[in-house]
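Engineer: Numbering (the UniProt record's numbering), first residue to last: 1 to 259. Even for Gly, the Cβ is constructed at its ideal location relative to N, Cα and C. None of the values given here were measured: they were computed from a predicted structure. Encoded as structure tokens, here's the structure I'll be asking about.
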């Protein structure tokens, strides 16, 4: 019932909302980032069900989010083709997450440029061995299956690539699934750290390349790659591909690197 505990309390009315049984989704003293982003997205999508498909999201993880929250959402602007919606999570009178969602109808294309094929294809998920077994935060162990998707282990190039899927996807539409899963891996900067220490996502911006993404058996190839790390922060590129190697999400993230 872990996934139901996460999504069922979210209503079209928003306002005061209490979640229970979320121990499996915690990352330290806050909800895992993908889980809190999903709450903010569903708060907007359920409040305004007639919106066009989601195209992009900008999420700021402001402070720890707990089980008792206030959900706020509003349409900032709705034009002929594009609607822009803000949603926020508040805890104890303070904003802990703010998100900006861009919804847009499809138009006759005036430019067509498909994403480049995935480089260094790791092979199908059915061919890979488990990774992070018994390692990593509890929310990964309780909610995700992770498979190896690169030969490198330990320090090296600041790239982390894994096959990932949710153990429970019942009741999730494909876009919600990507939001919940898109932030699952540790940052690529982890491989460049000189010593072990805590890491924390500060924000996450992404574009959906497919508004109706599909894959095989729930498997998505996830990659986090540090583009630059210094002064306690890492700029990361986050990408997701389906099981056939088609890219479905392109994103960026700022990560705080402590220690």
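Could you tell me the alpha carbon to alpha carbon distance between residue 36 and residue 65, rounded to whole angstroms?
Structural biologist: 7 Å
Engineer: Buried or exposed: which applies to residue 167, given that a residue is buried once 16 or more other Cβ atoms fall within 10 Å of its Cβ?
Structural biologist: exposed
Engineer: What is the C-beta distance between residue 164 and residue 146, in whole angstroms, given that I count them as a contact (C-beta under 8 Å)?
Structural biologist: 5 Å
Engineer: Could you pull the start and end residues of the beta strand (DSSP E) that residue 224 belongs to?
Structural biologist: 220 to 230 is the span of the beta strand (DSSP E), which, as asked, contains residue 224.
Engineer: Output the boundary residues of the beta strand (DSSP E) element that contains residue 128.
Structural biologist: Unbroken run through residue 128: none, as it is neither H nor E.
Engineer: For residue 202, which three-state DSSP category applies?
Structural biologist: coil
Engineer: What would DSSP say about residue 10, mapped onto helix, strand or coil?
Structural biologist: DSSP, reduced to helix, strand and coil, places residue 10 outside both helices and strands of the structure shown, so it counts as coil.
Engineer: According to DSSP, which residues form a beta bridge with residue 262?
Structural biologist: In the structure as shown, the chain starts at 1 and stops at 259, and residue 262 therefore has no counterpart that could be examined.
Engineer: Just to confirm before moving on: does the CB-CB distance between residue 224 and residue 238 stay below 8 Å?
Structural biologist: Against a cut-off of 8 Å, the Cβ pair of residue 238 and residue 224 comes out as a contact.
Engineer: What would DSSP say about residue 121, mapped onto helix, strand or coil?
Structural biologist: coil
Engineer: What is the rounded straight-line gap between the Cα of residue 219 and the Cα of residue 73?
Structural biologist: 31 Å
Engineer: Going by C-alpha to C-alpha distance, which of 17, 252, 32, 244 sits closest to residue 137?
Structural biologist: 32
Engineer: Would you say the stretch 174 to 194 touches the stretch 152 to 159, given that touching needs at least three Cβ pairs under 8 Å?
Structural biologist: Cβ pair count under 8 Å is three or more, so yes.
Engineer: Going by the CB atoms, is the gap between residue 178 and residue 213 shorter than 8 Å?
Structural biologist: It is a contact, given that the beta carbons lie within the stated cut-off.
Engineer: Quick one: residues in its chain with C-beta nearer than 6 Å to the C-beta of residue 259, no 5 flanking neighbours on either side, listed in chain order?
Structural biologist: 195, 197
Engineer: Can you tell me whether residue 20 is buried or exposed, with buried defined as 16 or more other CB within 10 angstroms of its CB?
Structural biologist: exposed
Engineer: DSSP three-state call for residue 253: helix, strand or coil?
Structural biologist: Strand, per DSSP.
Engineer: Among residues of its own chain, excluding the 5 on either side of residue 103, which ones have a beta-carbon nearer than 6 Å to its beta-carbon?
Structural biologist: 51, 52, 54, 83, listed in sequence order.
Engineer: With H, G and I counted as helix, E and B as strand and the rest as coil, what does DSSP make of residue 27?
Structural biologist: Correct three-state label for residue 27: strand.
Engineer: Judging by CA-CA distance, which residue of 70, 68, 86 is the nearest neighbour of residue 76?
Structural biologist: 86
Engineer: In three-state terms, what does DSSP make of residue 303?
Structural biologist: The question about residue 303 has no answer, for the chain in this structure spans 1 to 259.
Engineer: I think residue 232 touches residue 117, with their Cβ atoms under 8 Å apart; what is that distance to the nearest whole Å?
Structural biologist: Not a contact, Cβ separation roughly 35 Å.
Engineer: So, using beta-carbon positions, are residue 60 and residue 98 closer together than 8 Å?
Structural biologist: Yes. Within cutoff.
Engineer: For the beta strand (DSSP E) containing residue 238, list its first residue and its last residue.
Structural biologist: 233 to 241
Engineer: Excluding the five sequence neighbours on either side, which residues of its own chain have a C-beta within less than 7 Å of the C-beta of residue 169, listed in chain order?
Structural biologist: 177, 218
Engineer: Does DSSP put residue 247 in a helix, a strand or coil?
Structural biologist: strand
Engineer: Considering just the uninterrupted stretch of the beta strand (DSSP E) at residue 22, what are its terminal residues?
Structural biologist: For residue 22, no beta strand (DSSP E) segment is defined, and its DSSP state is neither H nor E.
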